[in-house]
Amino acid sequence: MPSTAVVGLQWGDEGKGKRLDELAAEADIVVRTNGGNNAGHTVVVNGKKYKFHLIPSGILHESVLNIIGNGTVINPQVLVEEMDNLKKEGFTLENLVVDGKATVIMPYHIVFDSGKEKKTGGKIGTTGRGIGPSYKDKIGRYENITITQLIGEDFPDIVKRIVYSKVSELLDYGVIDYDPQKRILSLLREHELLAVKEGEKILSALAERDYQRLIELDEDLKKSLDEYAEKVIEEYAPLAEKIKAHVVDDASIMINEALAQGKKVLFEGAQGALLDIDHGTKPHVTSSNPTIGGILTGSGAGAVGMEKVVGILKAYTTRVGAGAFVTESAPEEEVKKNFPSAKELKEMNKTPKDWLMESYEESDIMERISKGDAAALGLHLMYEGGEFGTTTGRPRRCGWLDILIANYSIAINGVSEITLTKLDVLSKLDEIKICVGYEYTGSKKSYNGRKLSFKGGPPNCTSSSKKLQKMIGLIQEEKGPRYLEERASTIESGDILIDFSPREDILLNCKPIYITMKGWKKDISQIKKAGELPIEADEYIRCIEKLTGKLVGKVGVGPNRNQSIEY
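Using numbering that gives the first Met the number 0, you'd call the opening residue of the sequence shown number 0 and step up by one each time.
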């Protein structure tokens with residue numbers, strides 16, 4: 000294999016782990032480049048699941064060097080837990096390297112993250128693992144702690160300095176035990192006249208949010224901050240010792256030397272393109288760059304060494320948390336009605352996944368789908384695809400494949416070829432749809448993508464081998480084109496968009512335009528060769544190739560290592 004980057008082309012959860020595991024077997028080095036333990040991927044080996052959040056999946060191969068790159072944010076507790084679990088399973092860790100420039104997730108980051116999510120009513124959909132606040136500190140520079148600093152002798156002093164600088168947030172989120180009113184009452188009891196003046200100063204500092212002056216005025220606050228800093232230091236010191244042997248100052252030196260020597264380097268992107276902080280569907284994005292640019296900066300690799308970019312595309316679309324989702328089978332609230340309430344689940348001591356797996360009745364669901372029940376389709380995809388978060392366990396929102404998303408992500412990543420995953424999940428359906436355009440229903444807005452004007456309205460095509468080319472891209476009829484294509488500057492209600500926009504205000508006002516294809520209704524999970532696929536499944540893959548302009552190199556037909564087809 001050439002040096003290869005693997006990127007997700009949707010909102011994450013595309014099945015990157017399995018493809019990464021396949022490629023890792025041929026690699027000399029595997030590098031994880033962004034994110035933290037908010038992302039996760041699962042590799043199935045001989046029926047056993049291995050779940051990774053930080054350590055690259057190449058760790059399952061003893062001859063492969065695994066690097067956690069500088070672009071990641073690392074919770075030492077999670078890293079050590081993963082290391083310990085791998086040791087228990089008999090895997091060596093001598094082939095694990097951590098870049099000292101990577102950022103450390105501190106305990107207060109986790110508190111700030113979950114606290115902010117509660118304050119905003121869960122609008123961002125964060126995992127609450129401290130990812131955003133740690134990246135915020137990284138960008139802010141002065142309150143960032145690196146892995147090199149974590150294992151260094153100055154770590155206690157650095158923690159104390161940063162804890163003092165974060166006093167306002169620590170107070171806002173109740174991290175430290177401090178009540179100024181109690182302090183003033185205590186002063187009054189001790190020495191009344193002096194206390195009045197001291198109390199006024201404390202109240203004044205609070206009113207002006209001058210926390211540094213407050214620390215100088217109040218020994219109790221200073222003591223609380225010192226105690227909290229000491230607690231953090233004590234918690235992280237033993238973790239630092241366990242990580243220390245794996246840390247290098249600058250892993251990019253190793254990576255670029257390997258590339259110069261012609262070694263095979265695999266770059267492991269986390270999450271997906273639509274979660275990218277710059278190119279994703281804001282505000283419901285992550286705090287890093289899961290796209291190709293983030294892979295380069297998150298590893299320190301030179302672009303000249305990147306020979307191939309593999310885009311991982313799920314055969315349908317999923318999303319976790321809030322945000323626009325044009326091809327969603329049914330609104331999340333509609334699908335959730337099929338689950339017991341959170342209170343009932345708690346009483347049963349079950350998660351939504353447990354309940355769905357136990358109560359799913361295929362005949363009933365399939366009958367509901369055949370009658371056009373969109374919520375039933377969502378449940379079916381969720382069940383068949385095991386669509387529950389590796390990191391959070393949350394049910395994923397499900398819907399049909401969206402080619403606008405695929406083409407957008409392919410373009411911004413410079414994708415060379417596609418790996419299509421979870422094709423087997425679609426096997427029981429009579430019909431399968433692909434979104435090839437959006438009908439915009441909102442007010443006039445700026446938009447510089449392409450839009451179509453149809454003669455007679457947009458078609459709803461059903462595929463057949465004979466008419467496949469005509470269906471693809473809504474291109475033409477025998478008597479000429481059915482539409483006019485133009486590069487837009489604005490859009491208004493009724494326009495048909497064929498370029499994806501990550502803008503939430505546009506996506507929330509879009510309806511999908513589908514082409515409809517025949518399903519294959521045959522188990523494909525044991526198929527080993529492309530020529531053995533049902534003609535309808537083959538046609539579905541060829542349609543994706545035509546719509547994206549990229550070849551599909553691999554097709555996933557099940558979760559196990561051996562359930563992939565060369566295409």
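The beta-carbon is built from N, C-alpha and C at its ideal position, and this holds for glycine as well.
Rounded straight-line distance, which links the Cα of Pro511 to that of Arg541:
About 21 Å.
In this structure, does DSSP put Thr317 in helix, strand or coil?
strand
Can you tell me the Cβ-Cβ gap for Tyr439 and Ser492, rounded? I've got them flagged as a contact below 8 Å.
6 Å
On the DSSP bridge assignment, give the partners of Thr570 in chain order.
Nothing about residue 570 can be read from this structure; the chain reaches only from 0 to 566.
Can you give me the start and stop residues for the beta strand (DSSP E) that Phe51 sits inside?
That run of the beta strand (DSSP E) goes 47 to 51.
Would you call the segment 16 to 27 and the segment 279 to 297 touching, i.e. three or more CB-CB distances under 8 Å?
no
With a CB to CB cut of under 7 Å and the five nearest residues on each side skipped, what residues in its chain are close to Ile409?
Leu8, Gly310, Thr547, Lys549
So, helix, strand or coil for Phe154, using DSSP?
In the structure shown, Phe154 sits in a helix (DSSP, three-state: H, G or I).
When burial is assigned at 16 or more other CB atoms within 10 Å of the CB, is Ala329 buried or exposed?
By the 10 Å Cβ count, Ala329 comes out buried.
Exposed or buried, what is Asn69 when buried is set at 16 or more other beta-carbons lying within 10 Å of its beta-carbon?
Burial of Asn69 is indicated by the presence of at least 16 other C-beta atoms within 10 angstroms of its C-beta.
Could you tell me whether the Cβ atoms of Lys313 and Gly14 are closer together than 8 Å?
Cβ distance < 8 Å, so Lys313 and Gly14 count as in contact.
On the three-state DSSP scale, how would you describe Ile505?
When DSSP states are grouped into helix, strand and coil, Ile505 belongs to the helix group.
Determine which residues share a DSSP beta bridge with Pro511 and list them.
Looking at the DSSP output, Pro511 sits in a beta bridge with Tyr437.
Quickly, what does DSSP pair Leu496 with across the bridge? List them, please.
Tyr437, Lys450
Kindly list the residues whose CB is nearer than 8 Å to the CB of Leu85, restricted to its own chain and excluding five residues on each side of it in sequence; keep chain order.
Ile54, Ile58, Leu92
Touch test, the segment 132 to 151 against the segment 92 to 109, Cβ-Cβ under 8 Å, three pairs minimum
yes
For Glu430, name the three-state secondary structure that DSSP assigns.
strand
Could you tell me how far apart the beta carbons of Met632 and Ile402 are, in whole angstroms, since I believe they sit closer than 8 Å?
Here the chain has residues from 0 to 566 only, and residue 632 is not among them.
Is the Cβ-Cβ distance between Asp522 and Ser426 less than 8 Å?
In this structure, the beta-carbon distance from Asp522 to Ser426 falls below 8 Å.
Which of helix, strand or coil does DSSP assign to Val77?
helix
Using 8 Å as the cut-off, can you tell me whether the segment 372 to 385 makes contact with the segment 259 to 271, which would need three or more C-beta pairs spanning the two stretches below that distance?
no
Per the DSSP calculation, Arg128 is bridged to which residue(s)?
The partner list for Arg128 (beta bridge, DSSP) is empty, contrary to what the question assumes.
For Asn617, count the other beta carbons within 10 Å of its own beta carbon; 16 or more makes it buried, fewer makes it exposed. Which is it?
Here the chain has residues from 0 to 566 only, and residue 617 is not among them.
Grouping DSSP H, G and I as helix and E and B as strand, with all else coil, what is Glu366?
Assignment of Glu366 by DSSP, reduced to helix, strand and coil, places it in the helix class.
For Gly555, count neighbouring C-beta atoms within 10 Å of its own C-beta (all shown protein chains included) and say buried if the count is 16 or more, exposed if not.
So Gly555 counts as buried.
Option nearest Lys520 by Cα separation, candidates Trp10, Ile276, Ile73, Leu422
Leu422
Quick one: using the 10 Å Cβ neighbour count with 16 as the cut-off for buried, is Ile490 buried or exposed?
So Ile490 ends up on the buried side.
How many whole angstroms separate the CB atoms of Lys307 and Thr3, which I take to be in contact at a CB cut-off of 8 Å?
4 Å
Let me know if Ile242 comes out buried or exposed under the rule of 16 or more other beta-carbons within 10 Å of its beta-carbon.
buried
Could you pull the start and end residues of the alpha helix (DSSP H) that Asn561 belongs to?
Note, Asn561: premise wrong, no alpha helix (DSSP H); not H, not E.
Hey, Thr326 and Asp12: beta-carbon distance below 8 Å or not?
It is not a contact, given that the beta carbons lie outside the stated cut-off.
Can you tell me which of Lys444, Lys528, Val110 puts its alpha carbon nearest to the alpha carbon of Asn508?
The candidate whose alpha carbon is nearest that of Asn508 is Lys444.
If you draw a straight line from the C-alpha of Glu331 to the C-alpha of Asp112, how long is it?
Annotation: Glu331 to Asp112 spans about 24 Å, alpha carbon to alpha carbon.
Excluding sequence positions up to five away, which residues of its chain have a Cβ less than 8 Å from the Cβ of Lys553?
Once the five neighbours on either side are set aside, the close Cβ partners of Lys553 are Arg18, Glu21, Thr418, Leu419, Ser563, Ile564, Glu565, Tyr566.
Measure the alpha-carbon distance for Met253 versus Val264 and round it to whole angstroms.
11 Å
What are the boundary residues of the alpha helix (DSSP H) that includes Ala375?
373 to 384
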